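Student: According to the numbering used here, the sequence shown is numbered sequentially starting from 953.
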Amino acid sequence: MFQRLRTRALLPFLALLAAACSAGQADHEDLPKPRLGLFTSIPLYWGEGEIGTFIDGEGKSDWVRAELETRFELVPLDTLEQDALAGLDRVILAQPRPLAPSENVAFDRWVAEGGKAVILADPMLTRHTRYPIGDRRRPQDVVLLSPILSRWGVELQFDEDQPGGDRMIEVDGRGFPVNLRGRFIRKDTGAADRPCQPMGDGLFARCVRGRGSAVLYADAAVLDWEGADPVPSARRDALWHLLRPLMDEQRDLAQPDETADAA
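1. Since residue 1103 sits in a beta bridge, which residues does DSSP pair it with?
2. Taking the alpha carbon of residue 1062 as the reference point, which residue from 1095, 1036, 1017, 1013 has its own alpha carbon closest?
3. With distance defined between alpha-carbon atoms, name the residue in 1049, 990, 989, 1074 nearest to residue 1129.
4. So, residue 1172 versus residue 1157, is the Cβ gap smaller than 9 Å?
5. Restricting to Cα atoms, I'd like to know which of 1122, 1174, 1168 is closest to residue 1079.
6. Just curious, the beta strand (DSSP E) that residue 1149 is in, first and last residue?
7. Enumerate, from N- to C-terminal direction, the unbroken alpha helix (DSSP H) stretches of 4 or more residues contained entirely within the segment 1075 to 1132.
8. Closest to residue 1165 by C-alpha separation, out of 1059, 1118, 1122, would be which residue?
9. If you reduce the DSSP assignment to three classes, tell me which class residue 1175 lands in.
10. By how many angstroms is the C-alpha of residue 1118 removed from the C-alpha of residue 1131?
11. Among the residues of its own chain, which have a CB less than 7 Å from the CB of residue 1031, if the five just before and after it don't count?
12. Where does residue 1083 land, buried or exposed, given buried means 16+ other C-beta within 10 angstroms?
13. I'd like the span of the beta strand (DSSP E) that includes residue 1156, first residue to last.
14. What would DSSP say about residue 987, mapped onto helix, strand or coil?
15. Using a 10 Å radius around the Cβ and a threshold of 16 neighbouring Cβ atoms, would you call residue 1185 buried or exposed?
16. Determine the direct distance from the alpha carbon of residue 1095 to that of residue 1113, and round the result to whole angstroms.
17. Can you find at least 3 beta carbon pairs, one from the segment 983 to 995 and one from the segment 1020 to 1031, that sit closer than 8 Å?
18. Where do the ends of the alpha helix (DSSP H) carrying residue 1018 lie?
19. Report all residues from its chain with a CB closer than 7 Å to the CB of residue 1081; omit the five preceding and five following residues, and keep chain order.
20. Near residue 1004, what residues of its chain come up, given a Cβ to Cβ distance below 6 Å and the 5 sequence neighbours on each side ignored?
21. Residue 1195 by DSSP, collapsed to three states: which one?
22. Using the Cβ count rule (16 or more neighbours within 10 Å means buried), how would you classify residue 1111?
23. Taking residue 1059 as part of the beta strand (DSSP E), name the residues at either end of that continuous run.
24. Taking all protein chains shown into account, decide if residue 979 is buried (16 or more other Cβ within 10 angstroms of its Cβ) or exposed.
25. So residue 1072 and residue 1046 are supposed to be a Cβ contact under 8 Å. How far apart are they, rounded?
26. Identify the residues that DSSP records as bridge partners of residue 1165: which are they?
27. Consult DSSP for residue 1190 and reduce its assignment to one of helix, strand or coil.
28. Just the C-alpha distance for residue 1155 and residue 1120, rounded to the nearest angstrom, thanks.
Structure below.
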């Protein structure tokens, strides 16, 4: 009898607790997603086709866009000029086109003022495209970011004798897909400030510039998946681990690699 009365007395409290938890969960779900700038020559946002087909709902978006939009509000960028970067505190550069001098300056300043970036720089893009060489819609086959990389004290190298084909490389206990990857090394620019540290045998470089930071990745094969089958979980996990610096809770991918110095 006493146990039954005590249970009845707890019912209003349990109901209030359940309501509070439900309200807290609803508030969390209603929180706006952080905005993420996307600057890329790869058709990740619109897909490889005419933009009109996607506006009409007939096109198929890339799996990377679908993944990113689960956690971010994507903001496609056509330029990295100061006005385009204003209001953003995190950006992805995925095999970007060559930057204009003013864009190099604006992006470097944006990072130094507190921006966070992940840059996928592929020296030999392996992603399939239907657009022929010379077509302006074709993704950038060879990334050209030397001005900004040199300013940050690194250089992207490419080993032409490496075997081709999609494979996994383990870095810090995690697998990352690569295909004709590059390698970051320290570049002696003569400047005292060299904000980038290569790691993972040069597959990554961790850069701290002023109040901001960037992670460089010397490949873009992590974005390559166009099959009808579901995206492999290992590839999806690698993408999100690569993007960890853009999340609210950060964790370094690995410790700086002291063996990746310039020769």
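Glycine residues also receive a C-beta, built at the ideal position from the N, C-alpha and C atoms.
Please read all numbers here as calculations on a predicted model, not as lab measurements.
Tutor: To lay it out plainly:
1. In DSSP, residue 1103 forms no bridge with anything.
2. 1036
3. 1074
4. no
5. 1174
6. 1148 to 1151
7. 1098 to 1103
8. 1059
9. helix
10. 5 Å
11. 1055
12. exposed
13. 1156 to 1161
14. strand
15. exposed
16. 19 Å
17. yes
18. 1015 to 1020
19. 1000, 1090, 1091
20. Confidence at residue 1004 is low in this model, with a pLDDT of 42, below 50, so its placement is unreliable and the value that follows should be read with caution. So the list is empty, once near-sequence residues are dropped.
21. coil
22. exposed
23. Premise fails: residue 1059 lies in the alpha helix (DSSP H), 1053 to 1064, not in any beta strand (DSSP E).
24. The predicted position of residue 979 is uncertain, since its pLDDT is 46 and thus under 50; no value can be drawn from it.
25. 5 Å
26. 1068, 1160
27. helix
28. 12 Å
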